[in-house]
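Only one structure is covered here, and it is reproduced in the block below.
Protein chains: 4
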Amino acid sequence: MNFASDNAGPMHPSVLDAIVKANTGYEMPYGNDTIMPRVRDRVRATFEAPEAAVYLVATGTAANALALSTYTNGWDAIFAHRVSHVEEDECGAPEFYANGARLSLVDGAGAKMDPDSLRHAIANTGNKDVHCVQRGPVTLTQATEVGTLYSLKEIAQITAIAKKYGLKTHLDGARFANACAALGCSAAEMTWKSGIDMVSFGGTKNGCAGVEAVIFFDPEKAWEFELRRKRGAHLFSKHRFLSAQMEAYLQDDLWLELGAKANANCARLVKGLETVAGAEIPDAPEANMVFARLPRAAHRRAMGAGAKYYLYPSDASLDGPDDEMIRCRMVCDWNKSGAEIDQLISLLRG
Amino acid sequence: MNFASDNAGPMHPSVLDAIVKANTGYEMPYGNDTIMPRVRDRVRATFEAPEAAVYLVATGTAANALALSTYTNGWDAIFAHRVSHVEEDECGAPEFYANGARLSLVDGAGAKMDPDSLRHAIANTGNKDVHCVQRGPVTLTQATEVGTLYSLKEIAQITAIAKKYGLKTHLDGARFANACAALGCSAAEMTWKSGIDMVSFGGTKNGCAGVEAVIFFDPEKAWEFELRRKRGAHLFSKHRFLSAQMEAYLQDDLWLELGAKANANCARLVKGLETVAGAEIPDAPEANMVFARLPRAAHRRAMGAGAKYYLYPSDASLDGPDDEMIRCRMVCDWNKSGAEIDQLISLLRG
Amino acid sequence: MNFASDNAGPMHPSVLDAIVKANTGYEMPYGNDTIMPRVRDRVRATFEAPEAAVYLVATGTAANALALSTYTNGWDAIFAHRVSHVEEDECGAPEFYANGARLSLVDGAGAKMDPDSLRHAIANTGNKDVHCVQRGPVTLTQATEVGTLYSLKEIAQITAIAKKYGLKTHLDGARFANACAALGCSAAEMTWKSGIDMVSFGGTKNGCAGVEAVIFFDPEKAWEFELRRKRGAHLFSKHRFLSAQMEAYLQDDLWLELGAKANANCARLVKGLETVAGAEIPDAPEANMVFARLPRAAHRRAMGAGAKYYLYPSDASLDGPDDEMIRCRMVCDWNKSGAEIDQLISLLRG
Amino acid sequence: MNFASDNAGPMHPSVLDAIVKANTGYEMPYGNDTIMPRVRDRVRATFEAPEAAVYLVATGTAANALALSTYTNGWDAIFAHRVSHVEEDECGAPEFYANGARLSLVDGAGAKMDPDSLRHAIANTGNKDVHCVQRGPVTLTQATEVGTLYSLKEIAQITAIAKKYGLKTHLDGARFANACAALGCSAAEMTWKSGIDMVSFGGTKNGCAGVEAVIFFDPEKAWEFELRRKRGAHLFSKHRFLSAQMEAYLQDDLWLELGAKANANCARLVKGLETVAGAEIPDAPEANMVFARLPRAAHRRAMGAGAKYYLYPSDASLDGPDDEMIRCRMVCDWNKSGAEIDQLISLLRG
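Chains Y, H, A and R, in that order, are what the protein sequence lines are. For the first sequence, the numbering used here puts the final residue at 775, and the numbers step up evenly by one. For the second sequence, the numbering used here puts the final residue at 775, and the numbers step up evenly by one. For the third sequence, the numbering used here puts the final residue at 775, and the numbers step up evenly by one. For the fourth sequence, the numbering used here puts the final residue at 775, and the numbers step up evenly by one.
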């Protein structure tokens, strides 16, 4: 009963199979394996972007930091939401890779950038001649860190603001599949057709062992990216094992299928949570993650039986009045069984 | 017939099996998986170092750059051989991770540091007060980039010089197993018993998909290393797949067995090369790599039949006089069959 | 009539004289001049800190960035007010010098850190294990960027919060003298006696040409600072001209006298502004800087006659309705004459 | 009798006068002073480069590091002579400013790059695809660190090699004036007419207190340089005092006159040294610096009487056999009197 994160689950059998199959004989290293050209083609087809530059790395943080750094000078600000992975969970990797660039924080409900807040942040950056930090790229997260979604229109609104200032846009798609499945749109619609310039296309949280594609719709800086990836020590010699994962992940739109499954699992979980006495679910979850407030006794029962998920604050105690409400986060990946979800609900209900 | 590099081969079946087995259910992410404590114990046992700090990363460049940076200030010099991976093949990753530190190059035959050259390099660094770059760690590669070995005595000689100046020592062990097998010594003897403070213990080139252990015999900077690893985007969420590889690699000293096999394969290759008319093998190979000079016609036959290995210069043409000698490098991993080696020899002999 | 900034004025005659006198014969370079030991002694005496490490640089940004970087890892956050020089006016120098560290912004009225806001910022940093940026030093500005002052008690309150978390504290004293004169306290009281660990002691804005002292009350990292200063290209060969300025500046507490004069000039200016019809001065100025709202017509008259100061927004037009209020900033240095101030007032009054 | 360095002497009276004159009233800060446009024009006229971007900083290390960083990526190598200021005396400032770029060392007699050595260094960089450090700018020093000179033809030869590879060229002109005076050529001839793209034009060692001009003949990266200067904390608020120095320095070619004087002083010194019994002067000095080997007794007499200059090794003892030869370096600036030189010679001769 691990609902702690979608990075706690296993690989999808097809992805594992691909690794097994790739483990045959010799392959040239460092991205020159025979699988990678097919991966490149498939990513391009999936994104309807025949010219895109496509690279693989093994962690989402590497994808984000390397992609952003390619379009960020050391004296630039990267515009990111206050509640975003680059700000909260990467130990300063964006600043490290971008030579000391700054994150300029944007507000907005549901971890989604408010257009006015973004406009304000951009207007107040780079407006004092040489004295201040200059304007760099805008990065948004889809699905967000709290499981909400930008609509296509909202993405377009954000990117339009960036474009007005001539800024590049990046989409942190660690949960790209969940978002795409929930919106029912195409990968192209959620990215370049909505004004996105570069994407971290996540596989790790959605059925892979550790692979993310970095996609630049304009390949002008492809070579620079390759140098940055190598210099950051993120170019794999046995690259075929990254390629194999990604190939399986894209095959027959497995990525989308798994994203949809994770969302469905979460919906089932939410439905169950609504039946827990006293439960409060402030925001209707849109992807594969739910935040809820539940009585302490419910948490005590579930966690006592081995359920894993996060409480807020993180040091919240299970000792105390039964009725006191404690906030929690639960995440579903594609691999959750209905039985496991039902078991959790059953425990929470008592 | 791929003799290009030991990073071109597959995983050992045991390593693959471990990945398959690890793909069950849920594991806490970021190094908190249930396999990692066993890996830590096993590394400590293997190195007879019960206090050692042990971490996993996925590339050799990450292992080297992160380990070195932990003991290098931006204004320090890292002493490395002119022919070393950190100097030649990492696109400046050590400088990037160590905030602009400098590589100070040491000479010596066979890609091994000459003690006098090292002494000279150290003495000429940090000797001009605040004006010059200061003295940082010494890194040596075992087996070296050209397949030679430091004897235990030679390692001790190098580390003694470093210690005299109070400098830390690092061993780049991308081919640790090959060296250890060839020397017939223990992992402890080749490292801390010879004065080494930190090790990049390679798995990738020797039967793994992508895993290297960073080992600090003194754990004082363990927490700093963890921050550096995360910030460098090298902390895997699905870390269990790194742990699994390393566990299998250490089980029953598989690492050592594979290192010995690769060396034996290379010995067989060398024996065969000696029968190629005109072949010159200047240095007796000590590990799993051989440099030879062969007539162009031999290369033409082998490469024409699909054999892969490197020529020097890298743009050497196969068109030209048959008898002209062209230098080449051939590397064996554990997975070479006798038949494959014999086939190559047969082609070269014509 | 230049009221744009206190960095627009001349050197005090005594400081210029010191430069002239220092221009005799030969002096050893790079801080080994014969004046510097006297400067060191005088700074130590002024701050009642006989063990302090004392260094000179030529710009306030260098003083701040170098001092902070000495106690900041690349993965740390520096806690600074949202309205501070390090955040707004140094083009990311702190991040550059501190290897990509982050500024964590603290709120509070009058550009002064609110203790709760600081507590909150610290508590929300470094609280997610290895995943997040860690806690670094706290820097506060005295006098602040908007001319307000922390009382001694307020400084102590801020530093107590920092100490509780084991964090170092830095005081950006570009306008140290103005603050000290206004508070009527000693240099020691405003710094280490209130819990400050390191100071940028400004001379440039208060009668010098370009010199700032960096003071560490605990000299443990003195050598590291020297390396950072040199590596940052801020160690002057003809250092005597920095030493000479600082010696004159400290002689007979000239620094304090000039700070007091600047404050008095500003008080006179404020008194005059209060007589301008329609003028609004929301906050009583505490040092040498005033923010006021004045009718456009007043600005038009003053600026038309050559007066220089800043309007907000910076592109505010002088064309438009006479009565519309436009915000402005006026700064006085020690060198303003009463006549000049009165002339400005006279123009504003019309 | 200070012959230790040309950075140990005073300002020329005209330069000091300019500072005194500049100390009048108010000037807009940060390079917006009224003197700077005249300086820009004069530099452009002096270098016959009407489009050049011209900036002032206060130290030679800042000039070099900032100029080079503007054309160097973090993954690039800067080609510099093994005996150069950027390599030996800047504590890694080039690497710091260029985000961890590497210095690739070139050999050659007399601290001058040997064309073959440069060609070799360039050819062996950037030749291993993404794995190795890439080719960055070439920097040469004129006059060199050992007082020798590149002829115009030699400069052109070096820059032609750089151009062949599409690399930018930088001239470290800390002793630009000495070189220009000795060669009897124009500033343009020694720079862009010989293929140089950017120059650190030194004032500090030749009669100024602390000012260097950075000149880009192609201004395409002017704005980036301004950001780098500010971010490096090298933009002076009271910039007028840098402008004033440089204006006086350029007035009536004072720079050239002082360079010639320093050279003449050195020639007189050399002539005298040749009369010291046992003296050996291996290379005929070409600018304002001489390396000689003199008997210990001569050093003992001179240094005992207070003469200052450097011995090699730097810890050479004055105690020991009278006849033993000890190497030394003596530097003359423009300000040396004939009497002072003669006194030194007299002491050395005994």
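Ideal Cβ positions, reconstructed from N, Cα and C, are used throughout, including at glycine.
Arg754/H and Lys663/Y have their alpha carbons spaced roughly 19 Å apart. Here the alpha carbons of Val445/Y and Gly572/H stand approximately 30 Å from one another. Within chain Y, the residues Gly517, Glu520, Arg527 and Leu528 have their CB atoms less than 8 Å from the CB of Arg527/A, given in chain order.
For the region 524-557 of chain H, the set of residues with a beta-carbon nearer than 9 Å to any beta-carbon of chain R comprises Asn524, Gly525, Ala526, Arg527, Leu528, Leu530, Asn552, Lys553, Val555, His556 and Cys557, in chain order. DSSP, reduced to helix, strand and coil, places Ala723/H within a helical segment of the structure shown.
A distance below 9 Å separates the beta carbons of Pro562/R and Thr497/R. Residue pairing by DSSP places Asn448/H in no beta bridge whatsoever. Per DSSP, reduced to three states, the secondary structure at Arg544/H is helical. If you look at Glu637/A, you'll find it in the beta strand (DSSP E) that goes Glu637 to Phe641. In this structure, DSSP gives Thr495/H a helical state, which the three-state scheme calls helix.
Listed in chain order, the non-local C-beta contacts of Arg725/R below 6 Å within the same chain comprise Leu743, local neighbours out to five positions each way being set aside. Beta-bridge annotation (DSSP): Asn427/H is paired with Lys733/H.
The beta carbons of Ile766/H and Leu719/H sit no closer together than 9 Å. Within the DSSP secondary-structure output, His506/Y pairs in a beta bridge with Val531/Y.
Membership of Gly703/A in any alpha helix (DSSP H) is not indicated, and neither H nor E is assigned to it by DSSP. Taking a Cβ-Cβ threshold of 8 Å, the residues of chain H close to Glu513/R are Lys553, His556 and Cys557, in chain order.
A residue is called buried when at least 16 other Cβ atoms come within 10 angstroms of its Cβ; Ser739/H does not meet this threshold and is exposed. Counting only Cβ-Cβ distances below 7 Å, Lys655/H has contacts in chain A at Val555 and His556, in chain order. In this structure the region 608-624 of chain A lies against the region 465-477 of chain A, because at least three pairs of beta carbons, one per stretch, are closer than 8 Å. Beta-bridge analysis with DSSP links Thr564/A to His595/A.
Contact check for Gly684/H against Asn603/H passes: the beta carbons are separated by less than 9 Å. Judged by their CB atoms, Thr550/H and Ala585/H are not nearer to each other than the 9 Å cut-off. Under the 9 Å criterion on CB atoms, Gly561/R is classed as non-interfacial with respect to chain Y. A direct Cα-to-Cα measurement between Ala492/R and Ser625/R gives close to 8 Å. For Phe626/R, the three-state secondary structure derived from DSSP is strand. Linking Val695/H to Gly499/R through their CA atoms gives a straight-line distance of about 41 Å.
For the region 486-511 of chain H, the residues whose beta carbon sits under 8 Å from a beta carbon of chain A are, in order, Asn498, Gly499 and Trp500. Scanning Ala717/A, Gly450/A and Val636/A for the CA closest to the CA of Gly697/A turns up Ala717/A. Contact between Leu577/R and Gln567/R does not hold, since the beta-carbon distance rounds to 10 Å and is not under 8 Å. Using a Cβ-Cβ cut-off of 8 Å, Glu645/A is close to nothing in chain H; its nearest Cβ partner there is about 15 Å away. The C-beta of Glu672/R has 16 or more other C-beta atoms within 10 Å across all chains shown, which makes the residue buried.
Take Ala599/Y, set aside five residues on each side of it, and the residues of its chain with a beta-carbon closer than 6 Å to its own are Gly485, Gly627 and Lys630, in chain order.
In the DSSP assignment, Phe716/H forms a beta bridge with Arg754/H.
For a cut-off of 8 Å, the C-beta gap from Glu682/A to Ala607/A is around 13 Å, too long to register as a contact. In this structure, the beta-carbon distance from Asn524/R to His510/R does not fall below 9 Å. Going by DSSP, Tyr522/Y is part of the alpha helix (DSSP H) stretching over Ala518 to Tyr522.
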